[in-house]
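This report concerns only the one structure given below.
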Amino acid sequence: AQSVTQLGSHVSVSEGALVLLRCNYSSSVPPYLFWYVQYPNQGLQLLLKYTTGATLVKGINGFEAEFKKSETSFHLTKPSAHMSDAAEYFCAVISGNTPLVFGKGTRLSVIA
Amino acid sequence: EPEVTQTPSHQVTQMGQEVILRCVPISNHLYFYWYRQILGQKVEFLVSFYNNEISEKSEIFDDQFSVERPDGSNFTLKIRSTKLEDSAMYFCASSEARGNTEAFFGQGTRLTVV
Chain A
4 AQSVTQLGSH VSVSEGALVL LRCNYSSSVP PYLFWYVQYP NQGLQLLLKY
54 TTGATLVKGI NGFEAEFKKS ETSFHLTKPS AHMSDAAEYF CAVISGNTPL
104 VFGKGTRLSV IA
Chain B
2 EPEVTQTPSH QVTQMGQEVI LRCVPISNHL YFYWYRQILG QKVEFLVSFY
52 NNEISEKSEI FDDQFSVERP DGSNFTLKIR STKLEDSAMY FCASSEARGN
102 TEAFFGQGTR LTVV
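Structure follows, in structure tokens:
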């Protein structure tokens with residue numbers, strides 16, 4: 004069965020600093036990988052996804068993630084954090100036709 | 002832009018009462034889902050629904066839970082006799098297909114059982 008591990012339940016960065024949110028997955032078949040963002044009191048919004056093809060995927064709000072099969076990772080990055088990036092971020096995986104499985108989430112705080 | 006809508010946004014109910022959470026999926030989507038997020042925990046899959054029947058469910062989705070698509074637009078989650086531990090954020094989602102396709106999520110319904 005597939006699973007997702009997000010390292011760090013809370014990450015704090017200064018405004019303008021690099022954002023790195025870590026995600027590792029396990030899957031017996033080639034996975035499809037997603038990052039969702041949840042702003043306070045809101046639903047889940049898709050940031051970006053990897054299905055096939057280019058392993059570096061770009062999403063909304065300047066975020067990108069790289070699929071590394073050898074490391075079973077799909078870390079989310081953004082070169083320069085903005086105050087508006089403060090939110091909860093969820094990595095998720097689909098293997099075959101199974102439902103989306105989420106990680107526990109990482110809360111990102113941005114300090115002025 | 003089409004979106005998944007959920008009502009109500011917040012519901013408080015007494016333990017043992019029945020609740021129905023409502024969702025309107027995106028109109029041309031064929032697959033519907035319910036997920037649950039207990040405060041401070043991860044988002045967990047409950048059930049998927051296709052062609053008017055449950056296609057998959059998790060062990061959380063026991064006999065207390067049921068889903069229904071009563072008409073062409075609504076998709077509901079019913080909890081027959083709520084327990085304190087049912088308190089959570091419930092998310093509805095829909096997608097065009099299964100597998101490698103984006104699931105669009107609603108804003109969620111926060112259920113508080115007292």
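Those protein sequences? They're chains A and B, same order as listed.
Counting from 4, one number per residue, gives the positions in the first sequence under our numbering.
Counting from 2, one number per residue, gives the positions in the second sequence under our numbering.
The beta-carbon is built from N, C-alpha and C at its ideal position, and this holds for glycine as well.
Keep in mind the model is a prediction, meaning the values are calculated, not measured.
Between residue i and chain A, is the shortest Cβ-Cβ distance under 9 Å, so that the two count as touching?
i: residue 45 of chain B; result: yes
i: residue 57 of chain B; result: yes
i: residue 103 of chain B; result: yes
i: residue 25 of chain B; result: no
i: residue 5 of chain B; result: yes
i: residue 12 of chain B; result: no
i: residue 49 of chain B; result: yes
i: residue 42 of chain B; result: yes
Taking the alpha-carbon of residue i as reference, which of the options has the nearest alpha-carbon?
i: residue 83 of chain B; options: B:96, B:3, B:112 and B:26; result: B:112
i: residue 46 of chain A; options: A:109, A:91, A:77 and A:72; result: A:91
i: residue 76 of chain B; options: B:18, B:13, B:55 and B:12; result: B:55
i: residue 100 of chain A; options: A:31, A:94, A:93 and A:61; result: A:31
i: residue 27 of chain A; options: A:94, A:112 and A:98; result: A:94
i: residue 68 of chain A; options: A:74, A:80, A:88 and A:41; result: A:80
i: residue 37 of chain B; options: B:18, B:4, B:25 and B:94; result: B:94
For residue i, is the classification buried or exposed, using 16 other Cβ atoms within 10 angstroms of its Cβ as the cut-off for buried?
i: residue 69 of chain B; result: exposed
i: residue 42 of chain B; result: exposed
i: residue 52 of chain A; result: buried
i: residue 110 of chain B; result: buried
i: residue 9 of chain A; result: buried
i: residue 109 of chain A; result: buried
i: residue 15 of chain B; result: exposed
i: residue 85 of chain A; result: exposed
i: residue 80 of chain B; result: buried
Using a Cβ-Cβ cutoff of less than 8 Å, which residues in the same chain neighbour residue i once the five nearest sequence positions on both sides are dropped?
i: residue 40 of chain B; result: 88, 89 and 90
i: residue 114 of chain A; result: 15, 16, 17 and 18
Considering only residues of the same chain and omitting the five flanking positions on each side of residue i, which have a CB-CB separation below 6 Å?
i: residue 52 of chain B; result: none
How about residue i: is its Cβ closer than 8 Å to a heavy atom in the ligand SAM?
i: residue 28 of chain A; result: Inclusion of the ligand SAM in the displayed structure is not the case, the ligand content being empty and no account of it being possible.
Hey, is residue i's beta-carbon within less than 9 Å of any beta-carbon in chain B?
i: residue 100 of chain A; result: yes
i: residue 95 of chain A; result: yes
i: residue 16 of chain A; result: no
i: residue 107 of chain A; result: yes
i: residue 103 of chain A; result: yes
- Message: Along the region 82-111 of chain B, where does the CB come closer than 7 Å to a CB of chain A? Name the residues.
- Response: 92, 99, 100, 101, 103, 104, 106, 107, 108 and 109
- Taking any Cβ of chain B, which residues in the region 29-55 of chain A have a Cβ under 7 Å from it, in chain order? Considering only beta carbons, the part of the region 29-55 of chain A lying closer than 7 Å to chain B consists of 35, 45, 46, 47, 49, 52 and 54, in chain order.
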